[in-house]
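Report on the structure given below.
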Amino acid sequence: MEQQVLDRLHDIVGPDGVVAHKSARSVYDCDGYTLEKAVPELVVLPHSTEEVAAVVKFLNKAKIAFVPRGAGTGLSGGCLPVEAPVMIGTSRLNKIVHIDLLNRYVVAQSGVVNLWVSNAVKEQGFQYAPDPSSQQACTIGGNIAENSGGPHTLKYGVTTNHVLGLEVVLPDGEIVTLGGTVEDVPGYDLRGITIGAEGTFGIVTQAALKLTRQPQAYRTFLAVFESVHHATQTVSGIIASGIVPAALEMMDTLIIQAIEEAFHFGFPTDAGAVLIIEIDGLAASLDPQTERIQAICKHNQAREVRIARDDAERMALWKSRKRAFGAIGRLSPNYCTQDGVVPRTKVPDILQRITEVSEKYQLRIANVFHAGDGNIHPILMYDERNADETRRVVQAGKEILNACVDLGGSLTGEHGIGVEKMGQMPLIFSPEDLMVMTQLRSVFNPANLCNPNKIIPTPGGCIDVTTPRRQVPL
Ligand SMILES: Cc1cc2nc3c(=O)[nH]c(=O)nc-3n(C[C@H](O)[C@H](O)[C@H](O)COP(=O)(O)OP(=O)(O)OC[C@H]3O[C@@H](n4cnc5c(N)ncnc54)[C@H](O)[C@@H]3O)c2cc1C
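Given below as structure tokens:
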């Protein structure tokens, strides 16, 4: 990086806000998607919206591409610097700016960690509902960029349902507000299209987030099954009964064993699958739902249905689930977490296809996922020192996503396209669709300097416009 660029960025953010040394920059070489790596030439850590705007204005003028980064927990390579020399990290934008309990919102800077928001209001009986399993680390900015979900998405919705307004530094350095602090600001919903744009429309610097009342009561079940088939039948049965659980999560044998070894919760390691089912709401409403859920589990040959006896047991169960990916570290030096969606009724079919892929490519694949949403997360284990195994993981991942599309689903449920799935976008979008997306991006990001080489495949790059698309008509 040229000295004058370094000097100017030092001037804006101070010397402690620029990471230039190679060894320090190397920790930013990937996110949670470790199959591709690239070290940024420079990392800049601004302290305020004004500093972000000044940095971006300077880079735009100098025609230097840049990539936003939150905590780097993304699972599709979204913050990988691909032909973007400068990374702009939000770790110092870490303040909760304002809490308005009466109007039920919080204004938080984009580098605030997801869980901090709920922690800030829990004594008053509120929560920030989106709860990605990475919530102890991932940031509000990353959640907004990916439109993240979580185990409780089934009932409460994803990030976009809980964001009222955004402050964004556009790729030319202008600071704009999209949306506001009240519901439904008139005009086009620019807030809505910025959420899920994976950092290609600008850098979010702060956001107004909706607060939700904590439920009066919870009931959390651990249902144990001999087979994945019986567990999926139970998922369909619960939804068909009209109950909307707050969460409905499934884990297969391999992941149960890894979690049990790590956390000793008491999961049965010989089970074919377990479901974590949670219902919440008014205490009086939970007894009839509990009876119904127990009956459905029994009808589908559940070996056992446990109910968390108290809050501590409930928290321990969720802690085990939310740390499931980490537990995989005991089984394999590297893993790739895939993220696809199928119609809920097709969960047994996709799990069968995953088993076939696992056999075909001789890979161990564990499954832990948001079964109620049909959002699968097969975890493909590998050792990056083994080039052949690494190649097989990439192929197997692609085949699983192709199978999701074949079954009427989609390429991502919550982790985004990033660099990982760009090449498969033509499976569900025509060249015309992709052109419209490029035009939309140009409105915000005309020079394509902000997070280039993400989401939309480029002609001459990995796009294969001859692949017939398989988008399912409504
Ligand atoms: C163990 C584990 C469990 C996970 N569980 C879930 C889950 O349950 N649900 C789920 O949805 N995801 C999950 N994820 C994926 C990941 O945590 C989310 O995508 C999360 O939102 C990423 O946040 P981050 O701060 O780490 O963002 P990063 O990884 O740093 O960045 C992600 C994307 O956001 C962009 N970005 C970051 N900050 C900004 C900003 N301020 N403005 C504009 N763009 C920005 C980046 O350029 C990149 O494209 C999990 C990941 C792990 C490792």
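For the sequence shown, my numbering assigns the number 108 to the initial residue and increments by one for each residue that follows.
For each residue, glycine too, the CB sits at the ideal point set by N, CA and C.
DSSP, read as helix, strand or coil, puts Y140 in coil.
Less than 8 Å separates the beta-carbon of H259 from that of A236. With at least 16 other beta carbons inside 10 angstroms of its own, N221 counts as buried. If you ignore the 5 residues before and after I414, its C-beta comes within less than 6 Å of the C-beta of F328, all in its own chain and listed in chain order. In the structure shown, V351 falls within a coil segment according to DSSP collapsed to helix, strand and coil. Taking the Cβ of F370 as the reference point, every heavy atom of ligand 1 lies at 7 Å or farther away. Membership of V311 in the beta strand (DSSP E) is indicated by the continuous run I310 to K317.
DSSP, read as helix, strand or coil, puts P485 in strand. Within the same chain, and ignoring the five residues on either side of G344 in sequence, the residues whose Cβ sits closer than 8 Å to its Cβ are I403, H406 and N407. Taken in chain order, the unbroken stretches of alpha helix (DSSP H) that lie wholly in the segment 213-266 and span 4 residues or more are 221-228, 247-253 and 260-263. The beta carbon of D136 sits no closer than 7 Å to any heavy atom of ligand 1.
Counted as a single uninterrupted DSSP element, the beta strand (DSSP E) harbouring M194 occupies residues V193 to G196. At least 8 Å separates the beta-carbon of I363 from that of Q445.
Boundaries of the alpha helix (DSSP H) around A434: A431 to A434. Counting C-beta atoms within 10 angstroms of its own C-beta, D359 has 16 or more neighbours from the protein chains shown and is therefore classed as buried. Annotation for R176 indicates a beta carbon within 7 Å of some heavy atom of ligand 1.
Check the Cα spacing between A409 and each of L142, L361, P375 and E157: the tightest is with P375.
Distances from the alpha-carbon of E527 to those of L514, P553 and V500 put V500 closest. T565 sits in coil when the DSSP states are folded into three classes, being neither helix nor strand. Of the heavy atoms belonging to ligand 1, at least one sits nearer than 7 Å to the Cβ of T180.
Contact annotation: I247 and S225 have beta-carbon atoms that are not nearer than 8 Å.
With a contact defined as Cβ atoms closer than 8 Å, P239 and G256 qualify at about 7 Å. A Cβ-Cβ contact shorter than 8 Å links N441 with T141. Secondary structure of Y325 (DSSP, three-state): strand. Around the CB of R437, fewer than 16 other CB atoms lie within 10 Å, so the residue is classed as exposed. Annotated as proximal: E356 and H477, with beta-carbon spacing under 8 Å.
Using a C-beta cut-off of 8 Å, the segment 179-199 makes contact with the segment 144-159, since at least three inter-stretch Cβ pairs fall below that distance. In this structure, A252 sits near A304, with a CB-CB distance shorter than 8 Å. In terms of Cα proximity to I300, the closest of G516, D118, V174 and T267 is T267. Ranked by how close their Cα comes to the Cα of T452, the residues P352, Y489, T497 and Q340 have Q340 in first place. Closer than 7 Å to some heavy atom of ligand 1: that describes the Cβ of S217.
In the DSSP annotation of this structure, C404 is not part of any beta strand (DSSP E); the continuous alpha helix (DSSP H) holding it starts and ends at A390 to H406. In terms of CA proximity to H522, I483 leads the group I483, K144, D418 and L534. Where D456 is concerned, the enclosing alpha helix (DSSP H) starts and stops at V454 to K467.
In this structure R416 is exposed. Its beta-carbon is surrounded by fewer than 16 other beta-carbon atoms within 10 angstroms. Looking at A169, G525, I563 and I350, the one whose alpha-carbon comes closest to that of E143 is G525.
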